[in-house]
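As they're listed, the protein sequences go chains H and F. Residue 1332 is where the first sequence starts when you use the numbering used here, and the numbers rise one by one after that. Residue 593 is where the second sequence starts when you use the numbering used here, and the numbers rise one by one after that. Ideal Cβ placement from N, Cα and C applies to all residues, glycine included.
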Amino acid sequence: EDKVVQSPLSLVVHEGDTVTLNCSYEVTNFRSLLWYKQEKKAPTFLFMLTSSGIEKKSGRLSSILDKKELFSILNITATQTGDSAVYLCAVDSGAGSYQLTFGKGTKLSVIP
Amino acid sequence: DGGITQSPKYLFRKEGQNVTLSCEQNLNHDAMYWYRQDPGQGLRLIYYSQIVNDFQKGDIAEGYSVSREKKESFPLTVTSAQKNPTAFYLCASSIAGTGGYEQYFGPGTRLTVT
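Quick look at the structure:
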């Protein structure tokens, strides 16, 4: 059974801190790993990672994949209160059709 | 504006009643998905459809049914056979059902069954 585990499950930081969110996976056929941000309702797409060691970056957010050790990290630098959300990691195991297996998410709270 | 719409936002039903959740997209995406999200849990796949008139069961399809008669629409029916239907339901779509593309999500429907 495919499995995606995120840690920590929740995190409280102060504005300006840097945070690292972790995602490890065990899947039969890895195709890609995706990160989403869920503030209240609809998850919004952040990154898709397919190759090891190549950092994806968008503003203060960045992510990298390690296919050998089967994990990814999402970094957020200089956090702001608007970064408060649940961050979801999902893996496309590519078993024929496109299906994502999601982790439980990391709830990030940024306090002023 | 292109996107995915779900209606209603909140839905209340009595036990034993079937209920249908709407999902419409105008992104011209071939593939559509239904997920269920429970508190403290990740998203779990209920059903997905890679193309019109075709759909497949996901991990937790029991007690649910879907149809895909039009490319834009993928309604989900929660039947009385679903033992624990109270949850947050998310619909998503992607360009194709073959992977390599992100899934775009709708705003969700929160269903409460009493």
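Along the region 599 to 625 of chain F, going in chain order, the ones with a CB nearer than 9 Å to a CB of chain H are K601, A623, Y625. In the DSSP assignment, H:D1348 is bridged to no other residue. For H:D1423, the chain F residues whose Cβ falls inside 9 Å of its Cβ are G691, G692, in order along the chain. By the neighbour-count definition (other C-beta atoms within 10 Å, threshold 16), F:P677 is a buried residue. Residue pairing by DSSP places H:V1441 opposite H:V1344 in a beta bridge.
Only residues of its own chain outside the window of five on either side were considered, and among them S1393, I1395 have a CB closer than 6 Å to the CB of H:E1386, listed in chain order.
Sequence-ordered contacts of the region 1367 to 1381 of chain H with chain F read K1372, A1373, P1374, F1376, M1379 [C-beta pairs closer than 7 Å]. With distances taken between CA atoms, F:Q617 lies nearest to F:G698 out of F:R628, F:F680, F:E607, F:G698.
With respect to the C-alpha of F:D646, the residue from F:G700, F:V658, F:I652 having the closest C-alpha is F:V658. As a beta-bridge residue in DSSP terms, H:N1406 pairs with H:T1351, H:S1393.
Put simply, the region 1369 to 1378 of chain H does not touch the region 1342 to 1356 of chain H. Fewer than three CB pairs are less than 8 Å apart. Taking a contact to require three or more Cβ pairs closer than 8 Å, the region 1397 to 1405 of chain H and the region 605 to 613 of chain F do not qualify as touching. For F:T678, the secondary structure class from DSSP, reduced to helix, strand or coil, is coil. Of the other Cβ atoms in all chains shown, fewer than 16 fall within 10 Å of the Cβ of F:D630; this residue is therefore exposed.
Within the model, the alpha-carbon separation for H:V1422 versus F:A673 is close to 30 Å.
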